[in-house]
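Heads up: the sequence shown is residues 12 to 262, going by the numbering used here.
Glycine is no exception: its CB is placed at the ideal position from the N, C-alpha and C atoms.
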Amino acid sequence: GEFPRVVIAPGDPEEAFYDTQRAFNLADKYQLPVILLSDEYLATSRMNFADFDLDRIPVDRGMVLTSKKELGGGEYERFQVTKDGVSPRALPGTAGLTFKAGSDEHNPGGEICEDPDNRVEQMDKRMRKLKSLLPEIPKPVLYGPKNADITLISWGTTKHACIEAMEIMKQHDVTANVLHFVYVFPLDEKRLLPILSRLKKAVIVENNATAQFAGMLKEYVGFIADDHLLKYDGQPFYPEDIRAYIMKKFF
């Protein structure tokens, strides 16, 4: 539905390890669902990486009240309307702070309330979370030369097939690079459009039948790729297949 959320699609086990930790931080800090997308390719592939740094991502539990004194004499409102959309929270059982929550729409105090004005106020508050967290969403990572004749846009586990295809194309005197997205929602038009608009030729590589991410880039960023390469036969992409398609289509 229209609840604010973050969607993360790791491209390999290393990204899965670190971005799972970031997912927990974002979920706690902004009090919203964070979805980590995996697939069979990620689950069953074997890859070598250096030892993971357990201290690289510090734990961030966000705004947590530990006593009533922090309210400065005011009443605790679990769903207080705030500028950034995030309400101060207390863990259930915290002395002096009564935690109330309803499954339907609620007022700032947590009681069920179906007043239309309250509904709009609470909905607007929740949606402000997306705007607040956008600065924390990492930009896509560029692999290969900064300027290239063709850019493969990958997300999730198409990452390494695209990078290897890029290396193979070098042997055919084709300059290519890969723009890899791990964070696929929300998408920040102001930060992404300047990056995407500089690409000479862009091909989005996706393991689905409907060019899902291409549609999201069009809807949320206003970017339309030159082409998409889709595969939906239940098999992963192979680098040589990507290279062959690009060479036939553009060169």
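Three or more beta-carbon pairs separated by less than 8 Å link the stretch 159-166 to the stretch 209-222, which places the two stretches in contact.
Assignment of ARG100 by DSSP, reduced to helix, strand and coil, places it in the strand class. In its chain, beyond the 5 residues on either side, TYR231, VAL232 have a beta carbon closer than 6 Å to the beta carbon of LEU198. In the displayed model, VAL214 falls within a strand according to three-state DSSP. Inclusion of ASP71 and LYS94 in the CB contact set at 8 Å is not warranted, their separation being larger than that value. In the DSSP assignment, PHE196 falls within the unbroken beta strand (DSSP E) covering 194-196.
Between MET258 and GLY73, the alpha-carbon positions lie close to 49 Å from each other. Within the same chain, Cβ atoms closer than 8 Å to the Cβ of ILE253 are found at LEU163, ALA172, CYS173, ALA176, VAL216, LEU240, the five residues on either side in sequence being excluded. For secondary structure counted as the alpha helix (DSSP H) over 4 or more consecutive residues, the stretch 137-178 holds no complete run.
For LEU65, the secondary structure class from DSSP, reduced to helix, strand or coil, is coil. Bridge pairing for HIS183: absent [DSSP]. In terms of Cβ geometry, LYS170 and ILE206 do not form a close pair [threshold 8 Å]. A contact between stretches requires three or more CB pairs, one per stretch, nearer than 8 Å, and the stretch 176-189 fails this requirement with the stretch 16-34. Beta-bridge pairing by DSSP links VAL189 to TYR154, LEU163.
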